[in-house]
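Below is one structure, written out as structure tokens; comments come after it.
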Amino acid sequence: MATIKDVAKEAGVSIATASRVINNAPHTSDAAIVAVKEAMAKLGYRPNATARALVNKSSNAIGVLVNDVSAPFFGTMVKAIDTIANEQGKQLLIGSGYHDAVKERNAINMLLDSQCESLVVHSKGMTDAELTSLADDIPGLVVINRVVPNMASRCIALDNRKGSYIATEHLIRNGHRHIGYLCSNHDIEDAHDRREGYLDALRDNSIEIREEYIEYGEPDETGGEQAIVNLLAKNTPVTAIATYNDYMAAGCMTLLQENGINIPEHMSVIGFDDGHIARYIYPRLTTIRYPIQVMANEAVKLSLQLVAGQEMERSECKLFMPILVRRASVGSNPK
1 MATIKDVAKE AGVSIATASR VINNAPHTSD AAIVAVKEAM AKLGYRPNAT ARALVNKSSN
61 AIGVLVNDVS APFFGTMVKA IDTIANEQGK QLLIGSGYHD AVKERNAINM LLDSQCESLV
121 VHSKGMTDAE LTSLADDIPG LVVINRVVPN MASRCIALDN RKGSYIATEH LIRNGHRHIG
181 YLCSNHDIED AHDRREGYLD ALRDNSIEIR EEYIEYGEPD ETGGEQAIVN LLAKNTPVTA
241 IATYNDYMAA GCMTLLQENG INIPEHMSVI GFDDGHIARY IYPRLTTIRY PIQVMANEAV
301 KLSLQLVAGQ EMERSECKLF MPILVRRASV GSNPK
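Residue numbers are given in UniProt numbering: position 287 of the sequence shown equals residue 287, and the series is strictly consecutive.
What follows is the structure, encoded as structure tokens:
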């Protein structure tokens with residue numbers, strides 16, 4: 001039996017567009033109407049009640065796309081959105097995309113099939129063009145933690161490059177000039193921007209860039225542990241480590257201390273995100289605060305405003321600024 005996905009694929013349009021044609025919704029192009037109706041006839045598609053409800057009545061669900069719902073960062077993000085959803089009498093539906101374009105598309109399609117008009121999307125796999133096309137079809141779609149130029153007014157993001165710059169500069173101001181960097185091995189914008197922020201700070205302070213000071217790993221405790229093992233094996237003279245996130249920092253710190261390298265007396269370490277782990281590892285982690293709760297609140301409120309047809313107050317991306325959180329894991333250069 002044909003589904004709305006089959007119709008959309010046959011017609012060469014998005015699922016949202018196919019749904020609008022099936023339900024006789026306004027603001028649909030003549031070309032899309034012809035293509036979808038021809039596809040329906042060819043496939044013998046019969047619209048069901050769920051598909052009709054997507055356009056014909058108000059949804060009671062907010063859809064959220066995350067990378068991995070089990071990751072603490074995304075748990076915090078979902079909790080913030082769920083708080084707003086409860087205040088509005090709505091339910092939350094969650095899909096995981098794992099930074100993979102196909103999985104992200106499938107998750108978004110699932111959320112649309114479940115009647116979600118309001119969507120908060122954390123996407124690293126889909127292209128800017130795909131997200132822009134989706135935004136054209138889905139008025140309530142908002143992107144978080146990414147800037148898509150052609151739909152910038154519907155984007156909520158953090159200046160990751162600036163955050164990494166601030167972290168590295170803090171180490172430099174404490175007298176460190178041999179600074180290692182533990183970078184995520186994921187091919188995503190966040191990893192690239194944070195690495196570039198580290199390099200920018202070195203350049204601006206006339207510190208030689210040494211590729212051997214950079215190691216890559218999974219952005220978790222295990223990845224941080226393995227990355228610092230690889231860095232120490234090179235016998236480099238680093239006195240401080242900047243990291244992609246707090247979890248890599250935690251893995252790094254554990255390995256250092258197990259090998260008699262005290263923090264911050266022998267090695268300074270700085271994280272990024274200011275997640276819960278930063279407050280409870282020892283010594284407490286100096287890091288960069290990522291205000292994901294505030295950003296998630298902004299994203300879902302904007303999405304709900306768009307669904308309600310309210311005008312946006314801005315035409316550009318809402319870019320949040322990272323903040324340095326000083327704790328106990330950074331000290332002065334011991335040399």
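Here a beta-carbon is modelled for each residue, glycine too, at the ideal position from N, C-alpha and C.
Residue from the options whose Cα sits closest to the Cα of residue i
| i | options | result |
| --- | --- | --- |
| LEU182 | GLU212, LYS103, GLU38 | GLU212 |
| ILE172 | SER268, VAL69, LYS318, ILE4 | SER268 |
| GLU298 | TYR244, ILE81, ILE270 | ILE81 |
| LEU131 | SER14, ASP113, ASN60, MET77 | SER14 |
| GLY163 | THR239, GLY75, MET321, THR236 | MET321 |
| LEU141 | SER303, ARG105, PRO264 | SER303 |
| LYS37 | LEU112, ALA61, GLN88, GLU10 | GLU10 |
| ARG279 | GLU265, MET40, GLN115, TYR247 | TYR247 |
Boundaries of the alpha helix (DSSP H) in which residue i is found, first to last residue
| i | result |
| --- | --- |
| LYS37 | 30-43 |
| residue 341 | Since the first residue shown for the chain is 1 and the last is 335, residue 341 is missing from the structure and cannot be characterised. |
| ALA101 | 101-113 |
| VAL21 | 15-22 |
| TYR247 | 246-258 |
| VAL78 | 72-87 |
| ILE207 | Neither: ILE207 is in no alpha helix (DSSP H) and is coded neither H nor E. |
N-terminal and C-terminal residue of the beta strand (DSSP E) that residue i is part of
| i | result |
| --- | --- |
| GLN91 | 91-96 |
| LEU319 | 318-320 |
| LEU119 | 118-121 |
| ARG289 | 287-289 |
| ALA240 | 240-243 |
| ILE179 | 179-184 |
Whole-angstrom distance between residue j and residue i, CA atom to CA atom
| i | j | result |
| --- | --- | --- |
| ALA129 | ASN160 | 22 Å |
| ASP193 | THR254 | 26 Å |
| TYR165 | GLY197 | 4 Å |
| ILE94 | VAL64 | 5 Å |
| LEU43 | ASN67 | 34 Å |
| PRO237 | ASN262 | 15 Å |
| THR50 | ILE4 | Residue confidence is low: THR50 scores 44 on pLDDT, short of 50, so the model does not pin down where it sits. No coordinate-derived value is stated. |
| VAL325 | ILE156 | 22 Å |
| residue 377 | SER332 | In this structure the chain extends from 1 to 335, so residue 377 is not present and cannot be described. |
| VAL55 | LYS90 | Because the pLDDT of VAL55 is 46, which lies under 50, any placement of that residue in the model is unreliable, and the number read from its coordinates should be weighed accordingly. So the alpha carbons of these two residues sit roughly 17 Å apart. |
| residue 346 | GLU313 | Absent from the model: residue 346. The displayed extent of the chain is 1 to 335, so no value can be given. |
9 Å Cβ cutoff met for residue i and residue j
| i | j | result |
| --- | --- | --- |
| VAL294 | ILE84 | no |
| residue 337 | ALA107 | No answer is possible for residue 337: it lies beyond the span of the chain, which begins at 1 and ends at 335. |
| GLU221 | GLY251 | yes |
| ARG327 | ARG289 | no |
| LEU147 | LEU319 | Note that residue 147 is Val in the sequence shown, not Leu. Contact: yes. |
| GLY175 | ALA242 | no |
- Cβ contact (3+ pairs, closer than 8 Å) linking the region 15-29 and the region 118-130: The region 15-29 is not in contact with the region 118-130.
- Query: Counting Cβ pairs closer than 8 Å, one from the region 182-200 and one from the region 213-225, do we hit at least three?
  - Reply: Result yes; three or more Cβ-Cβ pairs closer than 8 Å.
- Message: I want to know whether the region 134-149 touches the region 6-22 - three or more CB-CB distances under 8 Å.
- Response: The region 134-149 is in contact with the region 6-22.
- Should the region 98-106 be regarded as contacting the region 69-86, the criterion being three or more beta carbon pairs within less than 8 Å? Inter-segment contact for the region 98-106 and the region 69-86 is absent: fewer than three beta-carbon pairs are separated by less than 8 Å.
- Inter-stretch contact (C-beta, 8 Å, three-pair minimum) for the region 256-273 and the region 309-316: Cβ pair count under 8 Å is below three, so no.
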